[in-house]
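Convert by adding 33 to the 1-based position in the sequence shown; the result is the number in my numbering.
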Amino acid sequence: MKFILAIIVVDTHTGLFANCTNGVILGLQAVSALLVAPLFYIASGYLLEKKIDSHHNGARVIVKTNVKSVSLTLETLILG
Numbered sequence: 034m035k036f037i038l039a040i041i042v043v044d045t046h047t048g049l050f051a052n053c054t055n056g057v058i059l060g061l062q063a064v065s066a067l068l069v070a071p072l073f074y075i076a077s078g079y080l081l082e083k084k085i086d087s088h089h090n091g092a093r094v095i096v097k098t099n100v101k102s103v104s105l106t107l108e109t110l111i112l113g
C-alpha cells in the first residue's frame, strides 16, 4: 500500500495529468492529493510500530528511522 501511495504522491508533484480534460480523472486526482499524505503517514507509523514490536530496543529503531528520513529529506533538498 505504501508503494501505491508513493506513486500517487509522485503523480501529484509531477503533474502527470496536467493536460487531462476528463473531469473524473481530475476529481480523483484532487481527492487523492488531499488523502495520500495522511494515509502515507498512517501506513508509515503502523509499519514503524510493527518494527518496534519485533525488536527489543524500540528507541534505537526510532532513531535509525528518523536519521534515515532526515537524510532523505536533505538529499532531496540538495539535489532537488
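Beta carbons: idealized from backbone N, C-alpha and C, even for Gly.
For this session: Taking only runs that begin and end inside the segment 87-111, name each unbroken beta strand (DSSP E) of 3 or more residues, in chain order.
Result: The DSSP assignment places no complete beta strand (DSSP E) segment of no fewer than 3 residues inside the segment 87-111.
Item to check | Straight-line gap, Val96 to Gly56 (C-alpha atoms, nearest Å) | outcome: 44 Å
Rounded to whole angstroms, what is the Cα-Cα separation between Leu110 and Asn52? 27 Å
### Query
Under 8 Å, do Gln62 and Phe50 count as touching if we go by C-beta distance?
yes
Taking the alpha-carbon positions, what's the Gly91 to Ala76 distance?
-> 18 Å
Fill in: Residue interval of the alpha helix (DSSP H) (run including Phe50)
Premise fails: Phe50 is in no alpha helix (DSSP H) and is neither H nor E.
Q.
Out of Lys84, Gly60 and Val69, which one is the CA nearest neighbour of Ala39?
A. Val69
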